[in-house]
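Peer 1:
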Amino acid sequence: MNKFNTNFLKSGLLGYISFICRGFTAYLSSIILTQALDIEEFGLYYFFISSSAFLTILCSFGLEASVSRYCAEFLLDGKISWVNKTLKGSLLIRGGALFLVVLFTYFLLPYLARFFPEMALSQNTVGLFLIAFVASSLSSLVGTAFLQAYNMGHVDGVIRIFYSLVKFTGFIFCYLYWPSVTSVLIVWAAVEVVTLCIYFLLSARVYVLNKRDMQGSESSFDKGTVSRISRFGLTHFFAVSIFIFIDFSIDNLVLARYRTPKEVGLYSLAFCIVSFLSQLNPMHSLKGVFNTLSLKIYKDHPRKSTILFLFPFLLKISLIVAGPIYLYFFVMGGKAVLILYGEDYLVSVMLVKVLLSLLIFKEATHAFSPVINTLELNKLFLFAGLFSFLNLIGDILLVPTYGALGAAIATGGSNVLIFFFYWRSFAKKGYIFAFPLLGVLRLCLNLLCTGIFLSFFVSTVTEPAGLILYPSLATLLYIALTYLNNPFDGEELGLLLQIIQRQPKLSFNR
1 MNKFNTNFLK SGLLGYISFI CRGFTAYLSS IILTQALDIE EFGLYYFFIS SSAFLTILCS
61 FGLEASVSRY CAEFLLDGKI SWVNKTLKGS LLIRGGALFL VVLFTYFLLP YLARFFPEMA
121 LSQNTVGLFL IAFVASSLSS LVGTAFLQAY NMGHVDGVIR IFYSLVKFTG FIFCYLYWPS
181 VTSVLIVWAA VEVVTLCIYF LLSARVYVLN KRDMQGSESS FDKGTVSRIS RFGLTHFFAV
241 SIFIFIDFSI DNLVLARYRT PKEVGLYSLA FCIVSFLSQL NPMHSLKGVF NTLSLKIYKD
301 HPRKSTILFL FPFLLKISLI VAGPIYLYFF VMGGKAVLIL YGEDYLVSVM LVKVLLSLLI
361 FKEATHAFSP VINTLELNKL FLFAGLFSFL NLIGDILLVP TYGALGAAIA TGGSNVLIFF
421 FYWRSFAKKG YIFAFPLLGV LRLCLNLLCT GIFLSFFVST VTEPAGLILY PSLATLLYIA
481 LTYLNNPFDG EELGLLLQII QRQPKLSFNR
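In terms of this note's numbering, the sequence shown opens at residue 1 and continues consecutively.
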């Protein structure tokens, strides 16, 4: 358990299954919550979700990125004592930040209640929210980030499946016996606390095993290593802090300030759907696995050609999965929302389509992340984050007049600019990525055939079963078309086979 796991297939596959299960249960939870709560209450709950995301970023300090990146490196280099020191120091920083957040939130509660007058904030609801937030913030550090460093994403995946199922079960209980925002917040807080306890026990066990293994060989950080970790973490923190202005949470907070809880609810549902669809993309859901995989490949082949190979390979993986997912909603999204949520939420269909049309560039942007992580170019995250201010400006200008539609346009447009910024930044550094035109054309042809097939059945869908049956048949067709009209070239297929065989290596013939 305290050794680096080289089984990328197991870690990646189970981690991906976990994200699909989590996304699916979250999607089902949104259906349950729309039935248990009215639109205004649904909007209030997602106001707290957005607040949690906002505060999580503010007190992150790049700790998750540092733990995941450098604990993995220390393990590969055999520096076990440094792993424990990194975790312990990160926990001390996170604990202090959370204490200040809780203190200031309670101190500023009267002001916050006046700033968001439509949200009806109270000490009880805010208290439950803070419990959930603190537990979640600690779990992401001692749990997800630490396990990813060991390439143990499958363990994290199992825990997250448990988390999602228990939370979903709790929401069903709320729907049946106590339909209120308070009950929903109680379930959220309780599940976060239980999950934190599980993560803490696992991390404590690894910590103790590390202490045993490093007896007599403990060493202190050198100044250069401390500087690397601090620079990497703080750069990531400032980048993510700037990126907060392009996050869904900011859209919701601006909507809560200028509009009504109903619009917050409609926009929240739209983003629930978009988030579910996005989680199915392995480049998003398995970011930690791909970061570790890319790092290992580059350490084996530390040359420019490795990077020039990795990006098109990762981009194809992202688009091959994201393409059909987005296609399914454009073809059947209206029927899905009508059947699952009701007529009151049909406005969300337009919002989802606007977001998906623009956020396809965000899906493509995920391919840059492992490359940036491997080359330690996190300053690009920082510079790209400056574009997120355009989202904040767009929200402030568009939301008061156009409401949720304005927020969707501002968010999507900002993500388009970020993609082209990354592309241009790598070009300036001499990494001229060859756009996989032939692979993308093959992908588009596969999508066109799949979309035509699916469109024949839209008018026949009247029950939830049809929303599962016909996309499933379309998926089988898409897989067959992808096999016959494969977007990957020979070397990329070779790497995929090597990953499956647990030996992710490259052999360049260029």
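Yeah, the Cβ is synthetic: ideal placement off N, Cα and C, and Gly gets one too.
1. CA-CA distance, T475 and D300?
2. How would you call P117, buried or exposed, if buried means at least 16 neighbouring beta carbons within 10 angstroms?
3. Taking C-beta to C-beta, are L55 and V101 nearer than 7 Å?
4. Please classify L476: does DSSP put it in a helix, a strand, or coil?
5. Compare the C-alpha of R228 against each of G23, N281, R69, W178 and name the closest.
6. Is T462 helix, strand or coil when you go by DSSP?
7. Are there 16 or more other CB atoms within 10 angstroms of the CB of T195, so buried, or fewer, so exposed?
8. May I have the straight-line CA-CA distance separating Y27 from F276, to the nearest angstrom?
9. Figure out for me which residue from V126, G439, S90 has the closest Cα to the Cα of P110.
10. Taking Q35 and Y258 to be in contact with their CB atoms under 8 Å, please state how far apart those CB atoms are, rounded to whole angstroms.
11. Going straight from the alpha carbon of R94 to that of L269, what length do you get?
12. Tell me which residue opens and which closes the alpha helix (DSSP H) that K379 is part of.
13. Excluding five sequence neighbours on each side, which residues of the same chain lie with their C-beta closer than 6 Å to the C-beta of P471?
14. Quick one: any contact between the segment 388 to 396 and the segment 237 to 251, if contact means 3 or more CB pairs under 8 Å?
15. Measuring alpha carbon to alpha carbon, tell me which of G265, G412, L280 ends up nearest V546.
16. So, at 7 Å on beta carbons, what are the nonlocal neighbours of S455 in its own chain, with the 5 sequence-adjacent residues on each side left out?
17. Over what stretch of residues does the alpha helix (DSSP H) that includes I246 continue unbroken?
18. Would DSSP call G62 helix, strand or coil?
19. With a threshold of 6 Å on Cβ separation, who are the neighbours of F245 within its own chain once the five nearest residues in sequence on each side are excluded?
20. So, helix, strand or coil for T260, using DSSP?
Peer 2: The answer reads as follows:
1. Position 475 of the sequence shown, counting from 1, holds the residue named residue 475. Position 300 of the sequence shown, counting from 1, holds the residue named residue 300. The straight-line gap from Cα to Cα measures roughly 36 Å.
2. Your numbering for residue 117 matches position 117 in the sequence shown. It is exposed - the Cβ of P117 has fewer than 16 other Cβ atoms within 10 Å.
3. Here residue 55 refers to the residue found at position 55 when the sequence shown is read from its first residue. Here residue 101 refers to the residue found at position 101 when the sequence shown is read from its first residue. Contact: yes.
4. Working through the sequence shown from its first residue, we reach residue 476 at position 476. Looking at L476 - three-state DSSP - the assignment turns out to be helix.
5. Locating residue 228 in the sequence shown gives position 228, where the first residue counts as 1. Of the candidates G23, N281, R69, W178, the one whose C-alpha sits nearest the C-alpha of R228 is R69.
6. Here residue 462 refers to the residue found at position 462 when the sequence shown is read from its first residue. Correct three-state label for T462: coil.
7. Here the question's residue 195 lines up with position 195 in the sequence shown. Buried: at least 16 other Cβ atoms inside 10 Å.
8. As a first step, residue 27 must be located in the sequence shown, where it is residue number 27. As a first step, residue 276 must be located in the sequence shown, where it is residue number 276. Looking at the two C-alpha atoms, the distance is approximately 6 Å.
9. The residue given as residue 110 occupies position 110 in the sequence shown. Out of V126, G439, S90, V126 has the C-alpha closest to the C-alpha of P110.
10. As a working mapping, residue 35 is identified with position 35 in the sequence shown. As a working mapping, residue 258 is identified with position 258 in the sequence shown. That belief does not hold up - the Cβ atoms of Q35 and Y258 are roughly 28 Å apart, past 8 Å.
11. What you label residue 94 is simply residue 94 of the sequence shown in a count that begins at 1. What you label residue 269 is simply residue 269 of the sequence shown in a count that begins at 1. In a straight line, the C-alpha of R94 is about 31 Å away from that of L269.
12. Reading the sequence shown from its first residue, position 379 is the one you call residue 379. For K379, the enclosing alpha helix (DSSP H) starts and ends at 379 to 385.
13. Here residue 471 corresponds to residue number 471 of the sequence shown, with the count starting at 1. Excluding the 5 residues flanking it on each side, P471 has same chain C-beta neighbours closer than 6 Å at Y328, in chain order.
14. Yes, they touch.
15. What the structure shows of the chain is the stretch from 1 to 510, and residue 546 is not part of that stretch, so it cannot be assessed.
16. On the sequence shown, residue 455 is found 455 positions in, with the first residue counted as 1. Answer for S455: V331, listed in chain order.
17. As a working mapping, residue 246 is identified with position 246 in the sequence shown. Careful: I246 lies outside any alpha helix (DSSP H) and carries neither H nor E.
18. If you number the sequence shown from 1, residue 62 lands on position 62. Coil, per DSSP.
19. On the sequence shown, position 245 is the one that residue 245 refers to. Its chain contains S388, F389, N391, L392 as the residues whose beta carbon lies nearer than 6 Å to that of F245, once the 5 sequence neighbours on both sides are disregarded; these appear in chain order.
20. Here residue 260 is taken as the residue at index 260 of the sequence shown, counted from 1. In the structure shown, T260 adopts coil according to DSSP, grouped into three states.
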